[in-house]
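This report refers to the structure that appears directly beneath it.
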Amino acid sequence: MSNFVNGLLRFRRGPWEMLATIIIALGVFMLMQPFVIWAFTYSFITTLVGTVMFIIVSHFPEDD
Amino acid sequence: MSDKTVDRVAAATPAPVARKIKGLSDRAIAWIFVAPTIFLLLAINIFPLIWTIRLSFTNYKANRINREPEFIGLRNYERILTDSDIWLNMQATAHFLFWTIFFQVLIGFTLAWLINKKFKGNDLWTTIIVLPMMLSPAVVGNFWKFLYQPQIGLFNYIVGFFTGKDPSSFEMLGSVNLAPWSIVIVDTWMWTPFVMLICLAGLRSIPDYIYEAAEIDRASKIRQFFTITIPMVLPFLMLAVLFRGIENFKMFDLVVQLTGGGPGSTTELTSINLKREAFEKWRTGYASAYAIILFVTVFGLASIYVKALNKVKER
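Protein chains in written order, with this note's numbering: chain A, 1083 to 1146; chain B, 224 to 538.
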């Protein structure tokens, strides 16, 4: 966990990609879940943030 | 030999072309070769995408080309993302996605595991199992429509044979409860071989010496399965899940042939609903916003897919 946080603080590709992946997966889940409509409403912006973030962070330097 | 080929190519180049490219750098020649592809990519992929994004902020209707489209900001997105009918379509898609992937992975992995054992007729069985995915979805849709016929369908007859139910007492495609399952069954039948092939590639990539080492350490077969086979095949399985997930999220042809989205809208997946909005109701601006929402979702999933692919490559 501390490696993950350190990676985030040092702008390393691995942890940031992982974070973006989690956000995308969360957005897709919110889009398709049958429980609450507000999650459906905010699903697009969540997926969009995750996807844009993924594109940006994939240019970060690799882990040491 | 290569010199001769080079000489022949040089000799065959028409004089005007040879004069034009003489003196061009390698980089310039490379650009000349790549330019048609880039141009096609821009014209066929990038321009329509940008145009769709633009249209998604308007109330444009493609059947009223004389009417000037009005800029309405994010209203299309707001309407779509607060529409409970579209939310239901998304849930129908989620049901389809979840269960097709679940069954395809379960059956596909089991089949791969069995096929990976050396036995007589192994290759023949692989070919037979792979046949469904080689068929066209339109053919498969029509073919299963007959199988699901309550009076003459083989599917109903087999279910009736095993359960003792009258085959004509239930209708797979006409029932609100059964129709979502009927499309899951057909997609599973068609695409399980694909998952099986990916799993088979994963299983065959595991070196024998790992199992031999485990045997020496007296690890049981179950232990070997859970500590060697599953972890080594997992990246391949993930790849199969993502690939099928992206494909099924866009599923259109098979379901249109089978149920047409019905009964009611129980099997109306997002792609079918999108087509209705765009080409039956002619709400082009609205449909463009809808398409962008689906595009971003698929693009996001594709990003994860590429990451998983890189992990597999690293192995």
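Glycine included, C-beta positions come from ideal geometry on N, C-alpha and C.
Chain-order list of residues whose beta-carbon lies under 7 Å from that of Ala1102(A) (same chain, five-residue window excluded): For this step, residue 1102(A) is matched to residue 20 along the first sequence. Counting only Cβ-Cβ distances below 7 Å, and skipping sequence neighbours, we find Gly1132, Met1135, Phe1136 and Val1139.
Whole-angstrom C-beta distance between Tyr434(B) and Ile451(B), which should lie under 8 Å: Looking up residue 451(B) in the second sequence gives position 228. Looking up residue 434(B) in the second sequence gives position 211. Contact flag correct, Cβ pair sits at about 7 Å.
Cβ of Val1087(A) within 8 Å of any chain B Cβ: In the first sequence, residue 1087(A) corresponds to position 5, counting from 1. No, no contact with chain B.
Where Phe262(B) falls: helix, strand or coil (DSSP): Within the second sequence, numbered from 1, the residue matching residue 262(B) stands at position 39. Helix.
Spatial neighbours of Lys284(B) in its chain, beta-carbon cut-off 6 Å, leaving aside the 5 residues before and after: By 1-based counting over the second sequence, the position of residue 284(B) is 61. Trp505 and Thr507.
Distance between beta carbons of Tyr528(B) and Ile303(B), contact taken as under 8 Å: Sequence index remark: in the second sequence, residue 303(B) carries index 80 (1-based). Sequence index remark: in the second sequence, residue 528(B) carries index 305 (1-based). Ile303(B) to Tyr528(B), Cβ: 25 Å. No contact.
Cβ-based contacts, 8 Å cut-off: residues of the region 290–319 of chain B near chain A: Tyr300, Leu304, Thr305, Ser307, Trp310, Met313, Gln314, Thr316 and Ala317
Proximity test, Cβ basis, 8 Å: Ile1167(A) and chain B: This structure leaves residue 1167(A) out entirely; chain A is present only between 1083 and 1146.
Which residues DSSP lists as bridging Thr281(B), in chain order: Counting from 1 along the second sequence, the entry for residue 281(B) is found at position 58. Looking at the DSSP assignment, Thr281(B) forms a beta bridge with Phe294(B).
Under 7 Å from the C-beta of Thr520(B): neighbouring residues of chain A: The sequence position of residue 520(B) within the second sequence is 297, counting from 1. Here the neighbours are Val1110, Leu1113 and Thr1129.
Run of the alpha helix (DSSP H) containing Phe319(B), from where it starts to where it stops: Position 96 of the second sequence holds residue 319(B). Ser307 to Asn339 is the span of the alpha helix (DSSP H), which, as asked, contains Phe319(B).
Cβ-Cβ distance between Val456(B) and Cys422(B) below 8 Å: On the second sequence, residue 456(B) is found 233 positions in, with the first residue counted as 1. On the second sequence, residue 422(B) is found 199 positions in, with the first residue counted as 1. The answer is yes: Cβ separation under 8 Å.
Option nearest Thr1128(A) by Cα separation, candidates Ala531(B), Val519(B) and Lys530(B): For the purposes of this step, residue 1128(A) is identified with residue 46 of the first sequence, where counting begins at 1. Taking only the C-alpha atoms, the option nearest Thr1128(A) is Val519(B).
Nearest candidate by alpha-carbon position, reference Val353(B), set Lys530(B), Gly331(B), Gln374(B) and Leu370(B): Here residue 353(B) corresponds to residue number 130 of the second sequence, with the count starting at 1. Nearest of Lys530(B), Gly331(B), Gln374(B) and Leu370(B) to Val353(B), Cα basis: Gly331(B).
Where the alpha helix (DSSP H) through Pro416(B) begins and ends: Here residue 416(B) refers to the residue found at position 193 of the second sequence. Judged by DSSP secondary structure, Pro416(B) falls within the alpha helix (DSSP H) whose first and last residues are Ala402 to Arg427.
Ile516(B) at chain A interface by Cβ criterion, 8 Å: Numbered from 1 along the second sequence, position 293 holds the residue referred to as residue 516(B). It does; some Cβ of chain A falls within 8 Å.
Cutoff 8 Å: Glu1099(A) Cβ touching any chain B Cβ: On the first sequence, residue 1099(A) is found 17 positions in, with the first residue counted as 1. Chain B contact via Cβ: present.
Alpha-carbon spacing of Trp322(B) relative to Ile338(B), whole angstroms: Translated into positions along the second sequence, residue 322(B) becomes position 99. Translated into positions along the second sequence, residue 338(B) becomes position 115. In a straight line, the C-alpha of Trp322(B) is about 24 Å away from that of Ile338(B).
Straight-line gap, Asp440(B) to Lys498(B) (C-alpha atoms, nearest Å): Numbered from 1 along the second sequence, position 217 holds the residue referred to as residue 440(B). Numbered from 1 along the second sequence, position 275 holds the residue referred to as residue 498(B). Spanning the two alpha carbons is a distance of roughly 59 Å.
Integer-rounded CB distance, given that Ser488(B) should sit under 8 Å from Leu370(B): As a first step, residue 370(B) is located in the second sequence; it is residue number 147 there, counting from the start. As a first step, residue 488(B) is located in the second sequence; it is residue number 265 there, counting from the start. That belief does not hold up - the Cβ atoms of Leu370(B) and Ser488(B) are roughly 24 Å apart, past 8 Å.
Minimum Cβ-Cβ distance from Gly1132(A) to chain B less than 8 Å: Counting from one through the first sequence, the residue named residue 1132(A) turns up at place 50. Gly1132(A) counts as touching chain B.
Member of Lys340(B), Met461(B), Phe449(B) and Ala402(B) whose CA lies at the smallest distance from the CA of Pro486(B): One-based indexing of the second sequence puts residue 486(B) at position 263. Comparing Cα-Cα distances from Pro486(B) to each of Lys340(B), Met461(B), Phe449(B) and Ala402(B), the minimum goes to Ala402(B).
Contact check, Val521(B) vs Phe472(B), beta carbons under 8 Å: On the second sequence, residue 521(B) is found 298 positions in, with the first residue counted as 1. On the second sequence, residue 472(B) is found 249 positions in, with the first residue counted as 1. Contact: yes.
Closer than 7 Å at the beta carbon, the chain B residues around Pro1116(A): Your numbering for residue 1116(A) matches position 34 in the first sequence. In chain order: Gln314.
Pro1097(A) beta carbon less than 8 Å from that of Leu1090(A): In the first sequence, residue 1090(A) corresponds to position 8, counting from 1. In the first sequence, residue 1097(A) corresponds to position 15, counting from 1. Yes, these two residues count as a Cβ contact at 8 Å.
Amino acids of chain A, ordered along the chain, whose beta-carbon sits closer than 7 Å to that of Lys530(B): By one-based count along the second sequence, residue 530(B) stands at place 307. In chain order: Glu1099 and Thr1103.
Cβ distance (whole Å) where Gly411(B) is taken to contact Phe326(B) below 8 Å: Working through the second sequence from its first residue, we reach residue 411(B) at position 188. Working through the second sequence from its first residue, we reach residue 326(B) at position 103. Here residue 411(B) turns out to be Thr, not Gly, going by the sequence shown. Sure, about 4 Å apart at Cβ, within 8 Å.
Neighbour-count burial assignment, Gln480(B), 16 or more Cβ in a 10 Å radius: What you label residue 480(B) is simply residue 257 of the second sequence in a count that begins at 1. Buried: at least 16 other Cβ atoms inside 10 Å.
Chain A contact for Leu329(B) (CB, 8 Å cutoff): Mapped onto the second sequence, residue 329(B) falls at position 106. So, not an interface residue.
Residue range of the alpha helix (DSSP H) that includes Tyr1124(A): One-based indexing of the first sequence puts residue 1124(A) at position 42. Neither: Tyr1124(A) is in no alpha helix (DSSP H) and is coded neither H nor E.
Test item: CB-CB of Ser544(B) and Ser279(B) under 8 Å: A question about residue 544(B) goes unanswered here, because the residues of chain B that appear run from 224 up to 538.
Beta carbon of Val478(B) nearer than 8 Å to that of Thr493(B): As a first step, residue 478(B) is located in the second sequence; it is residue number 255 there, counting from the start. As a first step, residue 493(B) is located in the second sequence; it is residue number 270 there, counting from the start. Contact check for Val478(B) against Thr493(B) fails: the beta carbons are separated by 8 Å or more.
Between the CA atoms of Ala266(B) and Asn365(B) - distance to the nearest angstrom: Within the second sequence, numbered from 1, the residue matching residue 365(B) stands at position 142. Within the second sequence, numbered from 1, the residue matching residue 266(B) stands at position 43. When rounded, the separation of the alpha-carbon atoms in Asn365(B) and Ala266(B) is 35 Å.
Chain A within 8 Å of Leu462(B), Cβ atoms only: Residue mapping note: residue 462(B) aligns to position 239 of the second sequence, counting from 1. False, the Cβ-Cβ gap to chain A never drops below 8 Å.
Residue-chain proximity (Ile527(B), chain A), Cβ-Cβ < 8 Å: Here residue 527(B) refers to the residue found at position 304 when the second sequence is read from its first residue. Residue contact with chain A for Ile527(B): present (Cβ-Cβ distance below 8 Å to some residue of chain A).
Integer Cβ distance of Ser405(B) from Met413(B), believed to fall under 8 Å: The residue you call residue 405(B) lines up with position 182 of the second sequence. The residue you call residue 413(B) lines up with position 190 of the second sequence. Between Met413(B) and Ser405(B) the Cβ distance is about 13 Å, and since that is not below 8 Å, they are no contact.
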